[in-house]
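Below is one structure, written out as structure tokens, with a few remarks after it.
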Amino acid sequence: MTTILVFGDSNSHGTPALTELGQERRFPRDSRWPVVMERALDVEVVCEGHPGRTTVYDDPLKGEHKTGLRVLPALLESHRPLDLVMIMLGTNDCQSRFALRGWDIAAGAARLAEIVLASTAGPGGRAPEVMLIAPVPVEEAGVLAEMFQGGPARSRAIAPALRDEAARLGCGFFDAGRVCAVDPVDGVHLTAEAQRSLGLALAEAVRERLKRPTP
Numbered sequence: 096m097t098t099i100l101v102f103g104d105s106n107s108h109g110t111p112a113l114t115e116l117g118q119e120r121r122f123p124r125d126s127r128w129p130v131v132m133e134r135a136l137d138v139e140v141v142c143e144g145h146p147g148r149t150t151v152y153d154d155p156l157k158g159e160h161k162t163g164l165r166v167l168p169a170l171l172e173s174h175r176p177l178d179l180v181m182i183m184l185g186t187n188d189c190q191s192r193f194a195l196r197g198w199d200i201a202a203g204a205a206r207l208a209e210i211v212l213a214s215t216a217g218p219g220g221r222a223p224e225v226m227l228i229a230p231v232p233v234e235e236a237g238v239l240a241e242m243f244q245g246g247p248a249r250s251r252a253i254a255p256a257l258r259d260e261a262a263r264l265g266c267g268f269f270d271a272g273r274v275c276a277v278d279p280v281d282g283v284h285l286t287a288e289a290q291r292s293l294g295l296a297l298a299e300a301v302r303e304r305l306k307r308p309t310p
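Residues in the sequence shown are numbered consecutively from 96, following the numbering used here.
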């Protein structure tokens, strides 16, 4: 069976919009986009969505374990063989304290793709396929508004830069902002409806990438 690793943050974990800081909630399993995609494709999806995860930039407040670069190699070894690795990160990199440009964030995601492409985590010791997903652009809203001050402009600059990086590396590319928007309650997380829309849209993108027939 085809095995896909989803490497993401709270929007892959299934975190709903926050109404106060420190909440630790999660949508039911069937409502999360990786599971929606899994069922649409009839494949095995391993979801490694971690709230607060960045691409390659260390978070001095939340800890080094939030850095995608530090944990990805171990996950590739744990879950191999993998046919496809889907990377949807960059939202947390848009927080004002990191002071990054959209290009910096896209470059961070591309660095993760390079790690996958240099690995032996695919079938037969080959590298897995990679799909880089530009995250849904954020808005300044609710309890996360101050944390993501300036985030809307940064997040909107990710997709065009990431598209270029995907082309350079020969990876698949998908712009999540084309099919859904953030929940206006906190401007960062997705609604259950958006999770479903994203899962179905990505199922089609993956089917095309891997040339899988419709079940």
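Each residue gets a CB set at the ideal place from its N, CA and C atoms; glycine is no exception.
Rounded to whole angstroms, what is the Cα-Cα separation between residue i and residue j?
i: residue 137; j: residue 124; result: 16 Å
i: residue 235; j: residue 194; result: 16 Å
i: residue 189; j: residue 250; result: 6 Å
i: residue 118; j: residue 245; result: 23 Å
i: residue 241; j: residue 176; result: 41 Å
i: residue 298; j: residue 109; result: 17 Å
i: residue 162; j: residue 107; result: 15 Å
i: residue 290; j: residue 296; result: 10 Å
i: residue 147; j: residue 154; result: 9 Å
i: residue 129; j: residue 180; result: 12 Å
i: residue 191; j: residue 248; result: 11 Å
i: residue 275; j: residue 100; result: 22 Å
i: residue 217; j: residue 98; result: 9 Å
i: residue 185; j: residue 219; result: 31 Å
i: residue 114; j: residue 213; result: 41 Å
On the criterion of 16 or more Cβ atoms from any shown chain inside 10 Å, does residue i qualify as buried, or is it exposed?
i: residue 116; result: exposed
i: residue 150; result: buried
i: residue 96; result: exposed
i: residue 308; result: Any answer about residue 308 is weak, because its pLDDT of 49 lies below 50 and its placement is not dependable; what the coordinates show is given next. Counting Cβ neighbours within 10 Å, residue 308 comes out exposed, since fewer than 16 surround it.
i: residue 224; result: buried
i: residue 120; result: exposed
For residue i, name the three-state secondary structure that DSSP assigns.
i: residue 189; result: helix
i: residue 132; result: helix
i: residue 140; result: strand
i: residue 309; result: Low confidence applies here, because residue 309 scores a pLDDT of 48, under 50, leaving its location unreliable; read the following figure in that light. Correct three-state label for residue 309: coil.
i: residue 219; result: helix
i: residue 229; result: strand
i: residue 154; result: strand
i: residue 203; result: helix
Can you tell me where the beta strand (DSSP E) with residue i in it begins and where it stops?
i: residue 270; result: 267 to 270
By the DSSP assignment, the alpha helix (DSSP H) with residue i in it spans what residues?
i: residue 179; result: Where residue 179 is concerned, there is no enclosing alpha helix (DSSP H), although the beta strand (DSSP E) it sits in stretches over 179 to 183.
i: residue 170; result: 163 to 174
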